[in-house]
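Accompanying notes for the structure given below.
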């Protein structure tokens, strides 16, 4: 019984020590590296030829296939 108490106390002490050494660190983020939106545009390319498209296009301007 005493051995179990010693093991439990030692384990708790090790966890508390590890938490105390590490602390509550916060990660610092460089705002210049965060990409908030795609600079190429929000529209998807044509699924067949990958040409740029607009949302209101009914046909691809590159290959002529119809959408939808």
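Numbering (our numbering), first residue to last: 131 to 198.
Idealized CB from N, CA, C, for every residue including glycine.
- In this structure residue 179 is exposed. Its beta-carbon is surrounded by fewer than 16 other beta-carbon atoms within 10 angstroms.
- Exposed is the label assigned to residue 139, since fewer than 16 other Cβ atoms lie within 10 Å of its Cβ.
- Residue environment analysis places residue 183 among the buried positions, since at least 16 neighbouring C-beta atoms fall within 10 angstroms of its C-beta.
- In summary, residue 193 is exposed, with fewer than 16 beta-carbon neighbours lying within 10 Å of its beta-carbon over all protein chains present.
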